[in-house]
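**Student:** I have a structure I would like to understand better, so I am pasting it below and will then ask my questions one at a time.
Residue numbers (my numbering), protein chains in the order written: chain V, 1 to 356; chain F, 1 to 356.
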């Protein structure tokens with residue numbers, strides 16, 4: 001843990017449930033982490049009321065930072081960016097830019113969060129585009145996959161940058177020395193991939209990364225790969241497909257154990273077994289996607305996250321602060337893209353982390 | 001059912017298990033369908049032995065058609081096409097081309113099957129590229145999705161052709177008047193899709209199809225859409241992802257019910273419930289992908305299909321013969337692409353179906 005106590009700015013108004021979820025989750029994390037400081041960003045009166053409802057009108061490690069506006073879940077990213085300059089999302093990101101917070105956590109609109117974070121924090125020099133990385137359960141652990149929707153059309157160079165960012169993140173937060181990087185592709189030998197994927201494979205093969213080659217969709221779950229790299233279109237479709245199938249199977253299993261008295265009785269008896277299963281694959285456990293490649297830590301919580309899930313997103317931020325993820329990426333990128341390839345014109349700025 | 005008795009050519013050597021699976025599955029189907037005639041294509045001696053082992057050295061509605069070679073599961077499509085002209089796969093397709101069979105079923109190498117089928121049967125005039133369509137379980141029924149890997153880079157026009165083919169197939173085999181067609185996309189409003197997807201949406205909107213607009217990965221399972229259209233790269237990743245997740249969850253569930261004596265006992269009691277669940281999502285039930293857009297019916301079985309699964313692929317062929325799927329597609333395409341757009345140079349040839 002860095003010497004300074006970690007400070008996290010929470011977009012307290014974001015997500016489907018707003019303060020109803022963000023405030024109790026924040027209080028849970030304060031209880032769990034005695035060093036943690038939180039800034040709840042949002043409408044002062046609403047947040048005060050919510051805190052009071054949870055019996056904590058004040059807390060020594062918590063403060064409210066007023067922001068008058070709220071980005072709606074269906075606001076267009078460009079409009080949120082242009083018209084809602086005093087939104088809880090924007091102001092929380094400003095706090096990171098200004099060095100008052102080490103990270104921002106938001107359950108708000110993904111597109112708006114990405115656009116605003118990119119505008120406010122800028123990308124790390126050498127990174128052209130930020131990407132979204134998520135964690136999914138796999139046999140014997142978990143797999144990290146990016147990009148999950150920030151970039152629809154990606155060049156080979158972009159995929160390579162995603163790989164570098166994912167590698168440095170996983171190395172830091174999972175404490176693995178040399179995580180395995182795979183490039184998502186399809187299995188037909190001769191038509192293997194489109195041009196970008198083939199080119200990206202060449203870039204990855206000659207890089208410092210532990211590149212294990214092409215992987216297919218089912219490899220996400222086999223535990224044979226730690227970081228799966230793909231473009232945002234494919235990644236987003238894969239993620240949504242996973243969510244959809246998990247929901248259908250969960251529903252069918254619940255219905256199966258409810259369809260008659262016998263099934264219900266067995267279902268009751270099977271609860272301990274099913275609970276273990278549910279816990280392992282509980283999406284709340286995996287809540288907290290990282291917006292990688294920015295000059296600051298930004299964690300995106302699922303919009304409909306509940307208290308426990310949102311707390312996990314805060315924990316993810318805490319871990320990335322502790323491991324100084326953006327600095328690691330920045331240092332690595334500076335060495336490998338030093339020749340000017342992929343250098344982004346955004347100028348670096350002073351953040352709390354840079355100063356630390 | 002057409003007046004002629006349906007004849008299906010089976011690539012009896014294809015797949016991970018070859019005759020061990022194809023022969024008993026063929027015999028099962030002959031028992032079930034008293035009109036059905038089957039041609040087992042493959043090495044005469046091997047097939048004779050296999051039939052004898054199943055106690056049927058001869059059957060009035062079954063004949064063996066000798067083919068000396070076998071396409072291996074890892075043969076490159078181009079090599080299979082060039083070098084194995086007497087493979088069971090190629091010869092089975094020849095029988096369809098020559099009007100001796102109404103359909104071909106193979107569990108062989110997908111790439112080789114697609115390349116060979118395209119070469120032997122040619123595409124339907126007006127269709128530029130064949131596509132692979134699969135059926136997946138969904139809430140209240142099933143969803144059909146294409147392309148699953150035949151075409152990596154697709155233009156808007158290709159996606160439109162896929163939609164037309166999928167629509168005509170589903171209308172025929174599911175007996176629905178106006179199945180709902182969705183275009184697979186991602187949810188971010190402003191970056192919605194790449195150029196091809198946006199253009200395809202415009203084409204679909206002004207077509208005769210029941211186009212319901214963009215759908216996301218999770219919609220595959222909600223029962224809100226009947227036909228999901230996407231390019232072969234995305235489709236293949238989605239399909240493999242689904243297979244991988246289903247396998248992981250199934251494994252975890254089995255492990256959960258085995259980890260101690262209590263869990264085992266409950267697992268035994270839960271068998272009737274779990275069986276219903278397993279049956280509904282049994283991949284064998286959904287075995288049999290159709291290679292759409294060819295001048296003939298070609299069904300691809302999963303390579304590791306077992307007897308029951310392979311029999312389902314034969315049933316799929318039977319259904320498409322009954323519904324004259326290629327003719328329906330051909331007629332539709334002739335009317336909508338009559339202006340010359342998307343006309344493919346392959347000349348039509350005489351098949352058993354054309355003559356019927």
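All C-beta atoms in this analysis are idealised placements derived from N, C-alpha and C, irrespective of residue type, glycine included.
Can you tell me whether residue 251 of chain V is buried or exposed? The criterion is at least 16 other CB atoms within 10 Å of its CB, across all chains shown.
**Tutor:** Result: exposed.
**Student:** What do you reckon, are the CB atoms on residue 14 of chain V and residue 106 of chain V nearer than 7 Å?
**Tutor:** Closer than 7 Å, so yes.
**Student:** Inspect the beta-carbon positions of residue 64 of chain V and residue 40 of chain V and report whether they are closer than 7 Å.
**Tutor:** Taking 7 Å as the Cβ cut-off, residue 64 of chain V and residue 40 of chain V qualify as a contacting pair.
**Student:** Using beta carbons (cut-off 7 Å, strictly below), is residue 334 of chain V in contact with chain F?
**Tutor:** No - not a single Cβ of chain F is within 7 Å of the one on residue 334 of chain V.
**Student:** Just reading off the alpha helix (DSSP H) that residue 286 of chain F is part of, what are its end residues?
**Tutor:** Careful: residue 286 of chain F lies outside any alpha helix (DSSP H) and carries neither H nor E.
**Student:** What three-state label does DSSP hand residue 228 of chain F in the structure shown?
**Tutor:** Of the three classes helix, strand and coil, the one that applies to residue 228 of chain F here is strand, per DSSP.
**Student:** Can you find a C-beta in chain F that's less than 7 Å from the C-beta of residue 15 of chain V?
**Tutor:** No, because no Cβ of chain F sits closer than 7 Å to the Cβ of residue 15 of chain V.
**Student:** Following the continuous alpha helix (DSSP H) through residue 295 of chain F, name the residue where it begins and the one where it ends.
**Tutor:** Unbroken run through residue 295 of chain F: none, as it is neither H nor E.
**Student:** Tell me whether residue 315 of chain V sits in a helix, a strand or coil according to DSSP, three-state version.
**Tutor:** DSSP places residue 315 of chain V in helix when its eight states are reduced to three.
**Student:** So what's residue 154 of chain V in DSSP terms, helix, strand or just coil?
**Tutor:** It is coil, neither helix nor strand.
**Student:** Taking the straight line between their C-alpha atoms, what separation do you get for residue 302 of chain F and residue 183 of chain F?
**Tutor:** Using only the alpha carbons, I get a separation of about 25 Å.
**Student:** In or out: residue 355 of chain F buried (at least 16 other Cβ within 10 Å) or exposed?
**Tutor:** With a pLDDT of only 36 at residue 355 of chain F, under 50, the local geometry of the prediction cannot be trusted, and the value read off the model is given with reservation. So residue 355 of chain F counts as exposed.
**Student:** Can you pull the DSSP bridge partners for residue 177 of chain F?
**Tutor:** None, per the DSSP bridge assignment.
**Student:** Could you confirm whether any beta carbon from chain V is found closer than 7 Å to the beta carbon of residue 152 of chain F?
**Tutor:** Yes, its Cβ sits closer than 7 Å to a Cβ of chain V.
**Student:** Residues of the stretch 223-249 of chain F with a CB closer than 8 Å to any CB of chain V: list them in chain order, please.
**Tutor:** Listed by position, the residues of the stretch 223-249 of chain F near chain V (Cβ gap below 8 Å) are 230, 232, 233, 234, 236, 237, 238, 239, 240, 241, 242, 243, 244, 245, 246, 247, 248 and 249.
**Student:** Would DSSP call residue 210 of chain V helix, strand or coil?
**Tutor:** Note: residue 210 of chain V maps to strand in three-state DSSP.
**Student:** Since residue 184 of chain F meets chain V, which of its residues come closer than 7 Å, beta carbon to beta carbon?
**Tutor:** Near residue 184 of chain F (Cβ distances below 7 Å), the residues of chain V are 237.
**Student:** By a C-beta neighbour count over all protein chains shown, 10 Å radius and 16 as the cutoff for buried, is residue 24 of chain F buried or exposed?
**Tutor:** Buried, since its Cβ has 16 or more Cβ neighbours within 10 Å.
**Student:** Helix, strand or coil for residue 69 of chain V? Go by DSSP, reduced to three states.
**Tutor:** If DSSP states are grouped into helix, strand and coil, residue 69 of chain V belongs with the strands.
**Student:** Residue 358 of chain F: which of F:327, F:36, F:57 and F:288 sits nearest, CA to CA?
**Tutor:** Only positions 1 to 356 of chain F appear in the structure, and residue 358 of chain F is not among them; the question remains open.
**Student:** Please state whether DSSP places residue 129 of chain F in a helix, a strand or coil.
**Tutor:** Looking at residue 129 of chain F - three-state DSSP - the assignment turns out to be coil, as it is neither helix nor strand.
**Student:** Taking the straight line between their C-alpha atoms, what separation do you get for residue 411 of chain F and residue 329 of chain V?
**Tutor:** Outside the modelled stretch of chain F, which goes from 1 to 356, sits residue 411 of chain F, for which no answer is possible.
**Student:** Does the beta-carbon of residue 272 of chain F, which I'm using as the reference point, lie nearer than 6 Å to any heavy atom of the ligand SAM?
**Tutor:** The ligand SAM is not part of the structure shown, which contains no ligands of any sort.
**Student:** Have a look at V:327, V:145 and V:215 and flag the residue whose alpha-carbon is nearest the alpha-carbon of residue 286 of chain V.
**Tutor:** Out of V:327, V:145 and V:215, V:145 has the C-alpha closest to the C-alpha of residue 286 of chain V.
**Student:** Mind checking if residue 149 of chain V is an interface residue toward chain F, Cβ cutoff 7 Å exclusive?
**Tutor:** At least one chain F Cβ lies under 7 Å of residue 149 of chain V.
**Student:** Ends of the alpha helix (DSSP H) at residue 143 of chain V?
**Tutor:** Run containing residue 143 of chain V: none in the alpha helix (DSSP H); it sits in the beta strand (DSSP E), 141-146.
**Student:** How many Å lie between residue 268 of chain F and residue 76 of chain F at the Cα?
**Tutor:** Cα-Cα distance, rounded: 45 Å.
**Student:** Output the distance between the C-alpha atoms of residue 236 of chain F and residue 37 of chain V, rounded to the nearest integer angstrom.
**Tutor:** One C-alpha to the other measures close to 46 Å.
**Student:** To which residues of the same chain is residue 70 of chain V closer than 7 Å at the C-beta, ignoring the five residues directly before and after it?
**Tutor:** Here the set comprises 13, 87 and 88.
**Student:** Check distances from the C-beta atoms of the stretch 297-308 of chain F to those of chain V and list, in chain order, the residues that come in under 8 Å.
**Tutor:** Against chain V - using a Cβ distance shorter than 8 Å - the stretch 297-308 of chain F contributes no residues.
**Student:** In angstroms with no decimal places, state the Cα-to-Cα distance between residue 215 of chain F and residue 186 of chain F.
**Tutor:** In a straight line, the C-alpha of residue 215 of chain F is about 8 Å away from that of residue 186 of chain F.
**Student:** Is the Cβ of residue 11 of chain F closer than 7 Å to any Cβ of chain V?
**Tutor:** Chain V, which has no Cβ nearer than 7 Å to the Cβ of residue 11 of chain F, makes this no.
**Student:** Just confirm the distance between the C-beta atoms of residue 294 of chain V and residue 326 of chain V, as a whole number of angstroms; I'd bet it's less than 8 Å.
**Tutor:** Contact holds; Cβ gap of about 7 Å.
**Student:** Compare the C-beta of residue 266 of chain F with all C-beta atoms of chain V and state if any pair is closer than 7 Å.
**Tutor:** So yes, residue 266 of chain F belongs to the interface.
**Student:** Are three or more beta carbon pairs between the stretch 168-176 of chain F and the stretch 264-282 of chain F nearer than 8 Å?
**Tutor:** No, the stretch 168-176 of chain F does not touch the stretch 264-282 of chain F.
**Student:** Just to confirm the assignment, what range does the alpha helix (DSSP H) spanning residue 50 of chain F have?
**Tutor:** Residues 44-53.
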